[in-house]
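UniProt numbering applies: residue 1 is where the sequence shown begins, and numbers increase by one.
All remarks here apply to the structure that follows.
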Amino acid sequence: MEMMGKSDLVPVTHKSNNMSPFIIVGVVLGGLVLVCIFGGLLFIGLRRRKPKPVETSEWSPLPIFKESSHGNSKTPSREGTITASPVPNLNLGLRIPLDEIKLATNNFDKKLQIVKGGFGTVYQGTLRNGLKVAVKRSQPGLEMILVYELMEKGTLRDHLYNAKIPCLSWKQRLDICISAARGLHYLHKGASGGIIHRDVKSTNILLDENLVAKVADFGLSRSGPSDQSHVSTDIKGTFGYLDPEYFKTQQLTEKSDVYSFGVVLLEGMRCKNKGLLDQIVDPSIRDHINPNSLRKFAEITEKCLQEDACDKPGMGDVAWDLEYALQLQQTAVVQELHEDSASNASGMLSLHVIQRLLSTNIEVEGDDTSIIKEDGSDSIASASVLPIENG
């Protein structure tokens, strides 16, 4: 047997496939750094390429908060009107560029002016999307502007006193009063702490194209008392609608609005042409009113016009009673006998209540009446005083 020598053995070397741990850690960390750098550059690039917000004529909703009807928690809402409206998705509480407002009002053209009051001038306008709006400009130059839904039918006062406008039916008057009462009830109870309007009158009840009423003009409104029965404040409002108790004591309560609304209800019954007390009900609708409906309406009106706050109902009760009066009108058979109809029902308003109104109200139609501001100075506001004459 031939033996091989050690010199004939050729050593075989094997390369190791195991990498150093330091190399592995370095590769991983380097990869992470590269990924972070790439992600950062991509983020910066996307931010630079993102277009800046451009002002448009579209309505962009802003968050509005209101109290929920059954609690104190604030919930976001787009509801800015006081009563229900047949116009959906108005997105109230919005921002519109000034250029769009100028375009809509033809640069605040006087020909488009609707009304001018102590708190600004209101213009009619049409946005580029065709929506008709009312634009209130408080001070030219400072451009403090509010944009509202246009109430095309004007004010309740227009329909009650303007002979050129068709007379409202009894049902329409009830519907309008119910909508306004619901609105005031929401102000008193639906908002945090309550809101007292302080200038309820027929010129501040606006009507849309469907005669749906909304309460407007909150220039004199005050937050209601949170832990007390009233707010002590100087007299402010419109003569003829002022609550006598508020006028005497300077203590503002929700019942101050109730009294003013009672004057509006009294206006809602009367005819456009001034007449005698026994002719207070509009003769154009007298024969079409169910006596029970008018009797209920007169009862509500008298309750609202009580001098003491404790004797006045809340606006929730007023709205409920008005709805009941509407039900009586819709369900009962209309009687044609005058003695059982409106002429007698109008007498159910206590004579002393109406006489007190006649003795305290001054007749001002279209003039401006000075009212007292909280700082003691005079302020000019359009007055709408119940123009009823005794004889």
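For each residue, glycine too, the CB sits at the ideal point set by N, CA and C.
None of the values given here were measured: they were computed from a predicted structure.
Item checked: Local conformation of residue 163 per DSSP, three classes -> Taking the sequence shown and counting its residues from 1, one reaches residue 163 at position 163. Here residue 163 sits in coil by DSSP.
Item checked: Where the alpha helix (DSSP H) through residue 264 begins and ends -> On the sequence shown, residue 264 is found 264 positions in, with the first residue counted as 1. Taken as a continuous stretch (DSSP letters only), the alpha helix (DSSP H) holding residue 264 covers 254 to 269.
Note to self: Given this structure, state the Cα-to-Cα distance separating residue 112 from residue 238, to the nearest angstrom.
What the structure shows: As a working mapping, residue 112 is identified with position 112 in the sequence shown. As a working mapping, residue 238 is identified with position 238 in the sequence shown. Cα atoms of residue 112 and residue 238: separation of roughly 26 angstroms, rounded to the nearest angstrom.
Item checked: Per DSSP, cross-strand counterpart(s) of residue 137 -> One-based indexing of the sequence shown puts residue 137 at position 137. DSSP output for residue 137 lists 121 and 145 as bridge partner(s).
Notebook entry, point to check: Between residue 294 and residue 170, what straight-line distance do the alpha-carbon atoms span, to the nearest angstrom?
Noted result: Position 294 of the sequence shown, counted from the first residue, corresponds to residue 294. Position 170 of the sequence shown, counted from the first residue, corresponds to residue 170. Those two C-alpha atoms are separated by around 9 angstroms.
Note to self: Measuring only from the beta carbon, is residue 97 closer than 7 angstroms to any heavy atom that is part of the ligand HEM?
What the structure shows: Within the structure as shown, the ligand HEM is missing, as the structure has no ligands at all.
Margin query: With H, G and I counted as helix, E and B as strand and the rest as coil, what does DSSP make of residue 214?
Written below: The residue labelled residue 214 in the question sits at position 214 within the sequence shown. In this structure, residue 214 counts as strand in the three-state DSSP scheme.
Item checked: Endpoints, the alpha helix (DSSP H) within which residue 205 is located -> For the purposes of this step, residue 205 is taken as residue 205 along the sequence shown, with counting starting at 1. Not the alpha helix (DSSP H): residue 205 falls in the beta strand (DSSP E), residues 205 to 207.
Item checked: Assigned secondary structure, residue 222 (DSSP; H/G/I helix, E/B strand, else coil) -> Residue numbering aside, residue 222 sits at position 222 when the sequence shown is read from its first letter. In the structure shown, residue 222 falls within a strand segment according to DSSP collapsed to helix, strand and coil.
Notebook entry, point to check: Terminal residues of the continuous alpha helix (DSSP H) containing residue 101?
Noted result: Here residue 101 is taken as the residue at index 101 of the sequence shown, counted from 1. Residue 101 -> alpha helix (DSSP H) spans 98 to 104.
Notebook entry, point to check: Is the beta carbon of residue 292 less than 8 angstroms from the beta carbon of residue 265?
Noted result: On the sequence shown, residue 292 is found 292 positions in, with the first residue counted as 1. On the sequence shown, residue 265 is found 265 positions in, with the first residue counted as 1. Not a contact, by the Cβ cut-off of 8 angstroms.
Check: What do you reckon, are the CB atoms on residue 105 and residue 125 nearer than 8 angstroms?
Finding: By 1-based counting over the sequence shown, the position of residue 105 is 105. By 1-based counting over the sequence shown, the position of residue 125 is 125. In this structure, residue 105 places its C-beta atom within 8 angstroms of the C-beta atom of residue 125.
Next item on the list: Kindly indicate which residue of 202, 270 and 235 has the alpha-carbon position closest to the one of residue 256.
Entry: What you label residue 256 is simply residue 256 of the sequence shown in a count that begins at 1. Nearest C-alpha to residue 256: 235.
Notebook entry, point to check: Which one of 100, 143 and 131 has the shortest CA to CA distance from residue 121?
Noted result: The residue labelled residue 121 in the question sits at position 121 within the sequence shown. Residue 121 has its Cα closest to that of 143, out of 100, 143 and 131.
Check: Which of helix, strand or coil does DSSP assign to residue 198?
Finding: What you label residue 198 is simply residue 198 of the sequence shown in a count that begins at 1. Assigned with DSSP and collapsed to three states, residue 198 falls in coil, not helix or strand.
Check: Taking the DSSP output, what are the residues bridged to residue 132?
Finding: Numbered from its first residue, the sequence shown carries residue 132 at position 132. For residue 132, which the question treats as bridged, DSSP gives the partners 126.
Next item on the list: Run the CB neighbour count on residue 82, radius 10 Å, all protein chains shown included, and call it buried at 16 or more, exposed below.
Entry: The residue labelled residue 82 in the question sits at position 82 within the sequence shown. Model confidence at residue 82 stands at a pLDDT of 41, short of 50, so the residue's coordinates are unreliable; what they give is reported in the following sentence. Result: buried.
Margin query: According to DSSP, residue 172 sits in a beta bridge with which residue or residues?
Written below: Residue mapping note: residue 172 aligns to position 172 of the sequence shown, counting from 1. According to DSSP, residue 172 bridges with nothing at all.
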